[in-house]
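In what follows, a structure is listed as structure tokens, so that the remarks can point back to it.
2 protein chains.
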Amino acid sequence: MIRCHVVNLKLTLQYDGTDFSGFAAQPGKRTIRSELEKALLKLFKKPVKFFAASRTDAGVHALGQVISFNSKLKIQKAKLRYVLNNLLPEDIRVVKTEEAGGKFNARFSAKSKKYEYLIFNGGDIPVLLRKLAWQVKLPLKLSAMRRAAKYLIGKHDFTSFCAAGAREGSKVRTIYRIVLRKVKRYGITLLAIEIEGNGFLYRMVRNIVGTLLEVGTGRFEPDRVKEVLKVKDRRKAGRCAPSRGLYLMKVDH
Amino acid sequence: MIRCHVVNLKLTLQYDGTDFSGFAAQPGKRTIRSELEKALLKLFKKPVKFFAASRTDAGVHALGQVISFNSKLKIQKAKLRYVLNNLLPEDIRVVKTEEAGGKFNARFSAKSKKYEYLIFNGGDIPVLLRKLAWQVKLPLKLSAMRRAAKYLIGKHDFTSFCAAGAREGSKVRTIYRIVLRKVKRYGITLLAIEIEGNGFLYRMVRNIVGTLLEVGTGRFEPDRVKEVLKVKDRRKAGRCAPSRGLYLMKVDH
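Here it is, written out as structure tokens:
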């Protein structure tokens, strides 16, 4: 059956952020948005305006990005994923296509986002996995990092964790949970820092990770994170963790 | 203790072949040899002539490449690996440094080489692992592939499996074993085709894999591989499997 009425489509995407200048369109740059626009233009023969749950930065990966758009679907819905994947470059994959309710909007309906930051803590990351996690050679004290993370849970002004170049507006966000644990990914043991919140400022997750790392290596006391949050000054936090370790895992709507 | 007499060094290397035009030097191209030459020049302040066990093709990975060279080692041997890794790009890693006997030569002393070809047999390879295995969507019949592989074991003229552009000389090589098995790599299940022999012609491993794939999908009967070998005609074998799935695993000297 070919359906021709307008439907509100929700697509779940995975991508390898390595070779992209991030999600948002930028003139002359290869971005996830520009590649999606090209594929959707080919499929629908006209530009498609779509919304995305998160504008991930250059180099950041996604396992659960969500976009949505209204369209007159002229192909069978079951074939949409297959057809789009043939039109997209191999570093972006559509993993799920759903018909969403009429009011669903991937960006404005997003209630919470879960990110995960992967750290290889040791001397020799396998060379073929080097772009999928951040290698930290100094030993990390997880108990101290966990204590520091607790100060960030809840509703706070995260100015100290927001990079310059961010949009104007409130710097208040709510973090629901931060979980640090050893995980097995890609067949090796990594440290995962899972952060879930109602929204994140520019480079906020990576600045939080960088600050927790300062605690893990002993350069910051856990209590200092409480102070960093209070002073609302980016220069007081730790350095920004590189993008290769960061994954957008899931968006709840 | 700083040692200054000439030593014969054996280095074991790993590399991600993705961004290299292969091992051998080529004018204007980024190759593993050229990157090694640059790093050794920086370290020893003069060009170092080294030998390599295998001239891997563009895109082929290595977990156990071996090179050797004579040098006046002016740093502690234990530090050599660390220092070289700091001079090399992140997609080449020295994993072991040893002092070899005076007659050892990584190229000419090589007795056998083990390659492994990784195949993801299914519809959706995880996007972040796509460069580490070849994705084959059609279901593969392993029993037929194993039967076909048996014809290749032993000493044969492998002209049918040698790509155009190979060097002149004998096309006779000995394959010691070909093992097909499901393995867990990078946290996912893959089909590994392990091939060990005394030497390999230009693209021989990938042409063997491509031919076994024709058997696995049912396009070739297992017996046909015997015929392909006999006719000594490259056009009779299957297509060349892409380089991203191929790994140089180990060299025995």
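Listed in order, the protein sequences are those of chains A and B. Residues 26 to 278 (my numbering) are what the first sequence spells out, left to right. Residues 26 to 278 (my numbering) are what the second sequence spells out, left to right. Even glycine gets a Cβ: it sits at the ideal position worked out from N, Cα and C.
- The Cβ atoms of residue 47 of chain A and residue 83 of chain A lie closer than 8 Å to each other.
- For the region 149-165 of chain A, the set of residues with a beta-carbon nearer than 8 Å to any beta-carbon of chain B comprises 149, 151, 152, 153, 154, 155 and 157, in chain order.
- Annotation: residue 76 of chain B to residue 157 of chain A spans about 32 Å, alpha carbon to alpha carbon.
- At a cut-off of 8 Å between beta-carbon atoms, residue 41 of chain A makes contact with chain B.
- Note that the C-beta distance between residue 231 of chain B and residue 174 of chain B is not below 8 Å.
- Only residues of its own chain outside the window of five on either side were considered, and among them 196, 197 and 257 have a CB closer than 7 Å to the CB of residue 182 of chain B, listed in chain order.
- Counting along the chain, residue 69 of chain A sits inside the alpha helix (DSSP H) bounded by residues 57-69.
- Taking 8 Å as the cut-off, the beta carbon of residue 143 of chain A is found no closer than this to the beta carbon of residue 64 of chain A.
- In the structure shown, the three-state DSSP call for residue 182 of chain B is strand.
- Sequence-distant partners of residue 36 of chain B (beyond 5 residues in either direction) whose C-beta falls short of 6 Å from its own C-beta, in its chain, are 92, 119 and 122.
- Residue environment: residue 124 of chain A is assigned as exposed (fewer than 16 neighbouring CB atoms within 10 Å of its CB, all protein chains considered).
- The beta-carbon of residue 60 of chain A is placed no less than 8 Å from the nearest beta-carbon of chain B.
- Assigned with DSSP and collapsed to three states, residue 109 of chain A falls in helix.
- Remark: C-beta atoms of residue 73 of chain B and residue 94 of chain B approach each other more closely than 8 Å.
- In the DSSP annotation of this structure, residue 233 of chain B is not part of any beta strand (DSSP E); the continuous alpha helix (DSSP H) holding it starts and ends at 229-241.
- By the rule that beta-carbons nearer than 8 Å mark a contact, residue 212 of chain B touches chain A.
- DSSP places residue 34 of chain B in the uninterrupted beta strand (DSSP E) bounded by 31-40.
- The Cβ atoms of residue 223 of chain B and residue 199 of chain B sit closer than 8 Å to each other.
- Looking at the DSSP output, residue 145 of chain A shares a beta bridge with A/160.
- Per DSSP, the beta bridge partners of residue 91 of chain B are B/37.
- When Cβ-Cβ separations below 8 Å define contact, residue 116 of chain A makes contact with chain B.
- Among the residues facing chain B, residue 209 of chain A is included, as its CB has a counterpart in that chain under 8 Å away.
- If you draw a straight line from the Cα of residue 192 of chain A to the Cα of residue 39 of chain A, it comes to about 26 Å.
- For residue 209 of chain B, no alpha helix (DSSP H) run applies; the uninterrupted beta strand (DSSP E) run containing it begins and ends at 197-210, by DSSP.
- Looking at the DSSP output, residue 96 of chain B sits in a beta bridge with B/32.
- Under a criterion of Cβ atoms nearer than 8 Å, the residues of chain A adjacent to residue 86 of chain B are, in order, 153.
- Cβ contact annotation for residue 215 of chain B (same chain, cutoff 7 Å, sequence separation greater than five): 143, 144, 145, 158 and 208, in chain order.
- Beta-bridge analysis with DSSP links residue 222 of chain A to A/138 and A/200.
- Partner residues in a beta bridge of residue 48 of chain B, as assigned by DSSP, do not exist.
- Of the residues B/30, B/81 and B/49, the one whose Cα lies closest to the Cα of residue 268 of chain B is B/81.
- Proximity of the region 237-244 of chain B to the region 151-171 of chain B meets the contact definition, three or more beta-carbon pairs being nearer than 8 Å.
- DSSP places residue 120 of chain A in the strand class (E or B) of the three-state scheme.
- The C-beta distance from residue 273 of chain A to residue 87 of chain A rounds to 4 Å, short enough to meet the 8 Å contact threshold.
- Check the Cα spacing between residue 154 of chain B and each of B/105, B/270 and B/229: the tightest is with B/270.
- Annotated as distal: residue 264 of chain A and residue 187 of chain A, with beta-carbon spacing of 8 Å or more.
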